[in-house]
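S.K.:
Numbering (the numbering used here), first residue to last: 540 to 836.
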């Protein structure tokens with residue numbers, strides 16, 4: 540059909556190409572599913588009530604992943620404040636509510652026991668750099684998440700070997716464990732990423748944790764233990780108990796020698812890759828005092 544008048548042409552085009560407001564809920568779900576959690580929060584959820592309600596659909600809230608968002612910004616001392624933790628906690632709790640029990644993966648930093656204890660069963664849990672996550676909430680995770688497959692608790696110094704015991708006893712499907720630490724505090728190191736008082740609480744019981752892993756986590760496939768105090772004795776325990784290990788990351792474990800690593804891991808027939816300490820690389824760490832801390836203000 541030929542349309543001569545501009546007004547009639549525009550009217551015809553509008554009929555042939557419905558506006559965004561006319562899209563069905565199913566179409567919006569398909570479109571919004573291509574966005575990350577944080578992009579939905581700063582995009583569609585702010586457009587109108589209809590779009591916000593679509594974003595609340597449980598199918599959108601099965602995965603809560605802020606790790607990409609954290610990686611896209613430079614490290615900030617403000618992340619270590621209670622105010623920032625409160626925001627992360629609020630965000631996580633809201634997603635848990637919207638998931639209606641369907642949330643299976645959490646990748647977050649700087650949350651606390653207040654929100655983590657609120658979560659139900661999980662399969663993947665990343666809680667990196669969470670100083671206020673403790674054994675209390677990890678006990679609930681161990682109890683409520685028997686199907687947990689992957690756990691990253693790197694840089695979370697409020698979690699002790701007691702949590703590893705509980706997790707090992709209850710989470711028999713755990714295949715990936717990441718227990719990386721920051722490089723040890725050295726007063727000559729400049730610059731900044733974490734409060735000095737927090738870095739000073741650096742866990743020093745890697746061999747104890749190795750014994751727990753040997754006894755309670757024989758099913759592990761991947762283990763990351765960067766910058767820990769692990770010695771040859773502890774490594775031997777891990778290798779003895781976790782014979783199916785395929786990947787190990789021991790970077791920064793300065794108490795280990797190359798020949799000790801080779802000797803301890805020689806029995807691991809499934810081991811495909813191991814990241815060894817680089818003894819020639821100077822340890823460096825970004826650090827900063829906590830805002831308004833009486834010692835470092």
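Virtual Cβ for every residue (Gly too), placed ideally from N, Cα, C.
1) Following the continuous beta strand (DSSP E) through residue 604, name the residue where it begins and the one where it ends.
2) Determine the direct distance from the alpha carbon of residue 615 to that of residue 623, and round the result to whole angstroms.
3) To the nearest angstrom, report how far apart residue 652 and residue 660 are at their CA atoms.
4) Quick check: residue 709 and residue 681, are their CB atoms within less than 8 Å of each other?
5) Would you kindly report the start and end of the unbroken beta strand (DSSP E) that includes residue 709?
6) Anyone know if the C-beta pair for residue 707 and residue 746 falls short of 8 Å?
7) Can you tell me which residues form a DSSP beta bridge with residue 651?
8) DSSP three-state call for residue 842: helix, strand or coil?
9) Using 8 Å as the threshold, is the C-beta distance between residue 748 and residue 700 below it?
10) Using C-beta distances below 6 Å, list every residue in its chain close to residue 752, excluding the 5 sequence neighbours before and after it, in chain order.
11) For residue 717, which residues does DSSP report across the bridge?
12) Rounded C-beta distance between residue 607 and residue 575? I'm assuming under 8 Å.
13) So who's on the other strand from residue 666, going by DSSP bridges?
14) In or out: residue 626 buried (at least 16 other Cβ within 10 Å) or exposed?
15) With 16 other CB atoms within 10 Å as the buried threshold, where does residue 691 fall?
16) What does a CB cutoff of less than 7 Å around residue 647 pick up in its chain, not counting 5 residues either side in sequence?
17) Kindly indicate which residue of 645, 786, 716 has the alpha-carbon position closest to the one of residue 812.
18) Give me, in chain order, the residues of the same chain whose beta-carbon lies closer than 6 Å to that of residue 654; leave out the 5 immediate sequence neighbours on both sides.
19) With a CB to CB cut of under 6 Å and the five nearest residues on each side skipped, what residues in its chain are close to residue 803?
20) So is residue 798 buried or exposed if we call it buried at 16+ other beta carbons inside 10 Å?
21) For a minimum of 3 consecutive residues, which ranges assigned as the beta strand (DSSP E) are wholly contained in the segment 746 to 799?
22) If distances are taken between C-alpha atoms only, which option among 770, 760, 765, 794 comes closest to residue 780?
23) Have a look at 635, 609, 791, 619 and flag the residue whose alpha-carbon is nearest the alpha-carbon of residue 598.
M.R.: Taking the coordinates as given:
1) Residue 604 sits at position 65 when you count from the first residue of the chain shown. Counting along the chain, the beta strand (DSSP E) containing residue 604 begins and ends at 602 to 604.
2) For the purposes of this step, residue 623 is taken as residue 84 along the chain shown, with counting starting at 1. For the purposes of this step, residue 615 is taken as residue 76 along the chain shown, with counting starting at 1. Rounded to whole angstroms, residue 623 to residue 615 spans 11 Å at the Cα level.
3) Against the chain shown, residue 652 aligns to sequence position 113. Against the chain shown, residue 660 aligns to sequence position 121. Those two C-alpha atoms are separated by around 15 Å.
4) Against the chain shown, residue 709 aligns to sequence position 170. Against the chain shown, residue 681 aligns to sequence position 142. The answer is yes: Cβ separation under 8 Å.
5) If you number the chain shown from 1, residue 709 lands on position 170. Segment 700 to 709 is the alpha helix (DSSP H) holding residue 709; no beta strand (DSSP E) there.
6) The count along the chain shown starts at 1 and reaches residue 707 at position 168. The count along the chain shown starts at 1 and reaches residue 746 at position 207. Contact: no.
7) Along the chain shown, read from residue 1 onward, the residue named residue 651 stands at position 112. According to DSSP, which records beta bridges pairwise, residue 651 is partnered with 671.
8) Nothing can be reported for residue 842: it is not among the residues displayed for the chain, which extend from 540 to 836.
9) Locating residue 748 in the chain shown gives position 209, where the first residue counts as 1. Locating residue 700 in the chain shown gives position 161, where the first residue counts as 1. Yes; because the gap between Cβ atoms is below 8 Å, this pair is in contact.
10) Start at 1 with the first residue of the chain shown, and residue 752 comes out as number 213. The answer, listed in chain order, is 777.
11) Here the question's residue 717 lines up with position 178 in the chain shown. For residue 717, which the question treats as bridged, DSSP gives the partners 691, 763.
12) Residue mapping note: residue 607 aligns to position 68 of the chain shown, counting from 1. Residue mapping note: residue 575 aligns to position 36 of the chain shown, counting from 1. Contact holds; Cβ gap of about 7 Å.
13) Within the chain shown, residue 666 is the residue found at index 127, counting from 1. For residue 666, which the question treats as bridged, DSSP gives the partners 647.
14) By one-based count along the chain shown, residue 626 stands at place 87. Residue 626 comes out exposed.
15) The count along the chain shown starts at 1 and reaches residue 691 at position 152. With 16 or more Cβ atoms within 10 Å of its Cβ, residue 691 is classed as buried.
16) Indexing the chain shown from 1 puts residue 647 at position 108. Around residue 647, the same chain offers 603, 605, 627, 631, 665, 666 as residues with beta carbons nearer than 7 Å, after the five sequence neighbours per side are excluded.
17) The sequence position of residue 812 within the chain shown is 273, counting from 1. Comparing Cα-Cα distances from residue 812 to each of 645, 786, 716, the minimum goes to 786.
18) For the purposes of this step, residue 654 is taken as residue 115 along the chain shown, with counting starting at 1. Same-chain partners within the cutoff: 628, 631, 632.
19) Taking the chain shown and counting its residues from 1, the one referred to as residue 803 is at position 264. These residues qualify, in order along the chain: 774, 775, 778.
20) By one-based count along the chain shown, residue 798 stands at place 259. By the 10 Å Cβ count, residue 798 comes out exposed.
21) For the segment 746 to 799, whole beta strand (DSSP E) runs of length 3 or above, ordered along the chain, are 761 to 763, 786 to 788.
22) In the chain shown, residue 780 corresponds to position 241, counting from 1. Taking only the C-alpha atoms, the option nearest residue 780 is 760.
23) Position 59 of the chain shown, counting from 1, holds the residue named residue 598. Nearest of 635, 609, 791, 619 to residue 598, Cα basis: 635.
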